[in-house]
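In what follows, a single structure is set out as structure tokens and then discussed.
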Amino acid sequence: MVEWTEEERAFIQEIFSKLKYEVVGPKSLCRALIVYPWTQRYFAHFGNLYNEDAIMGNPEVARHGVVVLHGLDAALKNMDNIKSNYAELSELHSEKLHVDPDNFKLMADCITVVIATQMRSSFTPAMQAAWYKFLSVVVSALSRQYH
Amino acid sequence: MVEWSDAERSAISGVWGKVNIDEIGPQTLGRLLIVYPWTQRYFGSFGDLSSAAAILGNPKVAAHGKVVLGALGKAVKDLDNIKATYSSLSQLHCEKLNVDPDNFRLLADCLTIVVAIKLGAAFSPQVQGTWQKLLAVVVAALSSRYF
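Keeping their order, the protein sequence lines are chains Z and V. Heads up: the first sequence begins at 0 in numbering that gives the first Met the number 0, then just goes up one per residue. Heads up: the second sequence begins at 0 in numbering that gives the first Met the number 0, then just goes up one per residue.
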């Protein structure tokens, strides 16, 4: 089971308390689609993803970015048992959506970069370490139902 | 050979122009040692790495961070010859320093975060995409003499 120090819990709480879902969610998904363009294959039904401006202006991308970011709420609410909260989402991504689990890490990286651009120097190294650990556990939980 | 568009060349020099090696180098290496603590094994001779504060205040970490980031400048100055530029550094890291090449990617990720913090919204998705392409080419060049 994953152990969290008091300091790590405080860092995670602080990040979420400053997190604007409707800003960070869309920016994170846009980054994934632009920086790792193969991920667009999962969103063919979103209409125009033809270039960076189209992606950044696409309302379905923005809406879905918020949905994806709220997916982290389950982990925040239950940090001592993150694994148990993602069984359904993991199955969905594996069996219905057929998402390569490598992409979870890419999405996590994009969320982290957006948070860094928003929080700037208050995203300290120690806070980054706690956040990286948090996202790694979520990514692992999302990958569990794949085999 | 890696192709660079004019827009990409311009984005890279735009980012590099804002990078102060004396500031960004130490922050990047500091984050690596804090966020991915196993990397401390390569720096046993640096003294106190026992906490985030110790790492961030350690003068040897700061000095070496500047060395590492200075070496990245070689890629920026000669984008069309990155592989040749890093040939001897690659051999050094493999044969003398015995560094697992996975760690180059981790350092690149830390640098991306530090740059994102520094540039904020100016680190747009397009700029991030180009910057990550540069770092991926450098990481590949550093890994090229391993086998």
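Note that CB positions come from ideal geometry on N, CA and C, so glycine has one too.
Subject >> chain V contact for Tyr49 of chain Z (CB, 8 Å cutoff) >> reply: no
Original post:
Nearest chain V C-beta to Phe122 of chain Z closer than 8 Å, yes or no?
Top reply: yes
Original post:
So which residues of chain Z does Gly128 of chain V contact, with C-beta pairs closer than 8 Å?
Top reply: Ile33 and Val34
Original post:
What do you reckon, are the CB atoms on Gly119 of chain V and Arg119 of chain Z nearer than 8 Å?
Top reply: yes
Subject >> Within chain Z, the residues that Ala115 of chain V reaches when beta carbons sit closer than 7 Å >> reply: Val112, Ala115 and Thr116
**OP:** Take Lys65 of chain V as the anchor and find which of V:Asp5, V:Ile23 and V:Ala121 has the nearest alpha-carbon.
**Re:** V:Ile23
Original post:
Of all Cβ atoms in chain V, is any one closer than 8 Å to the Cβ of Tyr20 of chain Z?
Top reply: no
**OP:** State the start and end residues of the unbroken alpha helix (DSSP H) segment that holds Lys95 of chain Z.
**Re:** Unbroken run through Lys95 of chain Z: none, as it is neither H nor E.
Subject >> Val60 of chain Z beta carbon less than 8 Å from that of Phe45 of chain Z >> reply: yes
Subject >> Which listed residue (Z:Leu96, Z:Thr116, Z:Ile110 and Z:Ser121) has its alpha carbon closest to that of Ser142 of chain Z >> reply: Z:Leu96
**OP:** Find the residues of chain Z that neighbour Val34 of chain V, judging by a C-beta separation of less than 7 Å, and give them in chain order.
**Re:** Pro124, Gln127, Ala128 and Tyr131
Original post:
Does DSSP classify Val114 of chain V as helix, strand or coil?
Top reply: helix
**OP:** Kindly give me the distance between the Cβ atoms of Ser93 of chain Z and Tyr145 of chain Z, rounded to whole angstroms, as I take these residues to be in contact under 8 Å.
**Re:** 5 Å
Original post:
Does any CB atom of chain Z fall closer than 8 Å to the CB of Arg30 of chain V?
Top reply: yes
Original post:
Residue range of the alpha helix (DSSP H) that Thr27 of chain V falls in?
Top reply: Ile20 to Val34
Original post:
In angstroms, rounded to a whole number, what distance separates the CA positions of Arg8 of chain Z and Val138 of chain V?
Top reply: 33 Å
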